[in-house]
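Participant: Heads up: the protein sequence lines correspond to chains H and Z, in order.
In terms of our numbering, the first sequence opens at residue 1 and continues consecutively.
In terms of our numbering, the second sequence opens at residue 397 and continues consecutively.
Ideal placement from N, C-alpha and C gives every residue a C-beta, glycine not left out.
These numbers come from a predicted model, not from an experiment.
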Amino acid sequence: MSDLTLPIDRQRPLDPPDEIAELSRQAPMHRLRYADGHLGWLVTGYAAARAVLADPRFSNRPEKMHPAIPARAELAQKGGFRLPPGMFLRTDPPEHTRYRKLLTGQFTVRRMKMLEPRIEEITNACLDDMEAAGGPVDLVQAFALPIPSLVICELLGVPYEDRARFHEDAKVLVNLETKAEDALAALASTMGYLHGLIQRKRKEPGDDLLSGLIEGGDLNDEELTGVAFLLLVAGHETTANMLGLGTYALLTNPGQLAAMRDDPAVVDNGVEELLRYLTIIHLGPFRLALEDLEIEGNLIKAGEMVAVSLPAANRDPSRFPGGETLDVTRPAGGHMTFGHGIHQCLGQQLARAEMRIAYPALLRRFPGLRLAVTPEEVPMRSHMSIYGVHRLPVTW
Amino acid sequence: MEVKADTTVCIGAGMCALTVPDVFDQSEDDGTVVVLRSPVPPELEDAVRRAVTLCPSGAISAS
Ligand code: SF4
């Protein structure tokens with residue numbers, strides 16, 4: 001019988017919990033006790049993680065899943081796991097396939113290239129404002145959050161003026177300590193807002209993704225609301241935290257910062273390495289075995305849960321030798337920060353475009369950029385499902 | 397080296413088009429993979445192999 005529960009607390013801000021690192025040294029898979037007593041699995045090895053995420057015999061539907069941490073157990077009980085239609089991240093084929101196909105054309109490599117000039121404009125406007133205000137500023141509020149927020153709002157056709165509302169709701173939703181009723185209220189509030197927005201767009205369509213989906217006629221208003229919610233939250237929380245935490249990582253590793261700032265040839269791979277090294281998804285993904293199956297010689301029974309630790313997989317020394325240090329010149333391709341298999345992140349090329357533009361633009365505009373507090377004083381998002389910094393006071 | 401793509405399993409993640417734009421593109425309508433050339437020239441074979449391992453859905457294969 002295993003008494004291992006999912007380790008969450010980090011001893012050092014940029015490293016996964018020591019317990020996870022120790023487990024992954026021992027074996028690629030471990031028995032894990034879930035919050036409701038269920039005995040399932042934890043995967044820490046790279047190859048095993050890929051095998052699980054690519055295997056169609058695992059489900060991503062929330063109904064029968066066991067929660068891995070106590071706060072989510074309460075949410076499950078109160079009905080939080082019965083997700084509204086349209087949140088296709090938590091569906092299986094063929095339902096998933098239908099949604100995904102409707103959206104992939106909007107997020108191709110080519111489309112993201114076309115967006116680049118606009119992302120550059122948005123980035124430069126943020127930097128101009130920072131320069132005019134003078135340091136110190138909170139880089140999260142001045143830079144890391146507004147860039148992806150403006151970009152995803154424009155892309156979807158969500159008025160940016162309304163952002164305060166869903167920023168607040170998103171914060172509540174990704175907080176691992178949020179009480180069930182607060183999470184459900186935040187979900188309802190943003191869903192209500194988006195539902196109204198979609199009805200307005202039906203009457204007055206714009207030149208944006210949601211209007212395009214409405215016009216396409218494949219989804220009803222409830223489904224559209226779910227899709228809009230998923231894209232809006234995913235587009236905000238992830239890239240914003242990569243920009244905030246990534247800048248913190250660079251500021252505390254000056255040699256790496258200099259390489260990202262001074263050598264344009266390093267930037268693309270440097271972004272991949274930051275994605276790998278920081279792996280801001282620090283809880284899950286989770287899957288449920290639909291039948292008995294074997295992964296790396298372990299029998300996983302039908303109905304058993306598997307938690308994949310992406311931070312551990314992305315530091316597996318058999319795949320990324322020396323991966324416990326940040327090295328922007330290491331070939332970091334093949335990391336699993338965007339997941340793997342059919343649910344691999346739909347917006348990954350958008351996230352890449354934003355980071356490839358934003359990091360060098362920031363570092364070149366402010367060559368003397370530095371923390372305005374000690375590294376220890378930066379508050380980390382230790383109890384959020386997306387890891388990062390709450391605030392990043394910087395000056396130049 | 398011959399390249400094959402199965403658009404019914406492709407999820408449009410774009411790793412192929414990002415890794416070897418000379419061989420892979422994505423369709424304008426639904427973002428699924430389009431093979432631009434097959435067989436591929438020898439100097440692109442390594443990159444194509446990398447794209448095959450990077451593809452999250454197993455939609456592309458090379459032989
Ligand atoms: S990488 Fe795979 S899933 Fe993504 S577009 Fe190419 S073939 Fe499709």
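1) Shorter than 8 Å from the beta carbon of A409 (chain Z) to some beta carbon of chain H?
2) Using a Cβ-Cβ distance under 8 Å, would D442 (chain Z) count as near chain H?
3) Nearest-angstrom Cα distance between A307 (chain H) and T395 (chain H)?
4) Along chain Z, which residues have their Cβ under 9 Å away from the Cβ of G334 (chain H)?
5) Quick check: is the beta carbon of D426 (chain Z) nearer than 8 Å to any beta carbon in chain H?
6) Compute the beta-carbon to beta-carbon distance between L14 (chain H) and A249 (chain H), rounded to the nearest angstrom, for a pair I have assumed lies under 8 Å.
7) Are the C-beta atoms of S453 (chain Z) and some chain H residue less than 8 Å apart?
8) For A413 (chain Z), which residues in chain A fall below 8 Å Cβ to Cβ?
9) I want to see whether chain Z comes within less than 8 Å of H38 (chain H), judged by CB atoms only; does it?
10) Please report how far the alpha carbon of L224 (chain H) lies from the alpha carbon of F166 (chain H), in whole angstroms.
11) Sorry if obvious, but does the Cβ on M242 (chain H) come closer than 7 Å to a heavy atom of the ligand ADP?
12) Near L392 (chain H), what residues of its chain come up, given a Cβ to Cβ distance below 8 Å and the 5 sequence neighbours on each side ignored?
13) Can N352 (chain H) and V271 (chain H) be called in contact, C-beta distance under 8 Å?
14) Relative to the ligand SF4, is the shortest distance from any of its heavy atoms to the C-beta of F107 (chain H) smaller than 7 Å?
15) Between the C-alpha atoms of I407 (chain Z) and Y34 (chain H), what's the straight-line distance to the nearest angstrom?
16) Quick test of your reading: L251 (chain H) and L89 (chain H), contact by CB under 8 Å. State the CB separation rounded to the nearest angstrom.
17) Please name the residue in H:R61, H:R330 and H:A183 whose C-alpha comes closest to that of N269 (chain H).
18) K101 (chain H) versus chain Z: which residues are under 7 Å apart at the beta carbon?
19) Would you say A51 (chain H) reaches chain Z, if we count a Cβ-Cβ gap shorter than 8 Å as a contact?
20) Does the distance from the CB of P85 (chain H) to the CB of E204 (chain H) come in under 8 Å?
21) Hey, is A54 (chain H)'s beta-carbon within less than 8 Å of any beta-carbon in chain Z?
22) Taking the C-alpha atoms as reference points, what is the distance between E19 (chain H) and T337 (chain H)?
23) If we count Cβ pairs, one from each stretch, closer than 8 Å, do we get three or more for the stretch 117-129 of chain H versus the stretch 435-452 of chain Z?
24) With DSSP as the reference, label T395 (chain H) as helix, strand or coil.
25) Could you check whether the stretch 172-191 of chain H touches the stretch 146-164 of chain H, counting it as contact only if at least three pairs of C-beta atoms, one from each stretch, sit closer than 8 Å?
Facilitator: According to the data block:
1) Chain H contact via Cβ: present.
2) Cβ-Cβ to chain H under 8 Å: no for D442 (chain Z).
3) 40 Å
4) R446, T449 and L450
5) It does; some Cβ of chain H falls within 8 Å.
6) 6 Å
7) yes
8) The structure shown contains no chain A; its protein chains are H and Z.
9) no
10) 17 Å
11) What this structure holds is the ligand SF4, not the ligand ADP.
12) D138, L139, V140, A144, G244, T247, Y248, L371 and V378
13) According to the sequence provided, residue 352 (chain H) is Arg. The question's Asn does not apply to it. Going by C-beta atoms, R352 (chain H) is nearer than 8 Å to V271 (chain H).
14) no
15) 31 Å
16) L251 (chain H) to L89 (chain H), Cβ: 32 Å. No contact.
17) H:R330
18) D426
19) no
20) Against a cut-off of 8 Å, the Cβ pair of E204 (chain H) and P85 (chain H) comes out as no contact.
21) It does: the Cβ of A54 (chain H) has a partner Cβ on chain Z nearer than 8 Å.
22) Cα to Cα, E19 (chain H) sits roughly 20 Å from T337 (chain H).
23) no
24) strand
25) The stretch 172-191 of chain H, when compared against the stretch 146-164 of chain H, does not touch it at the 8 Å Cβ threshold.
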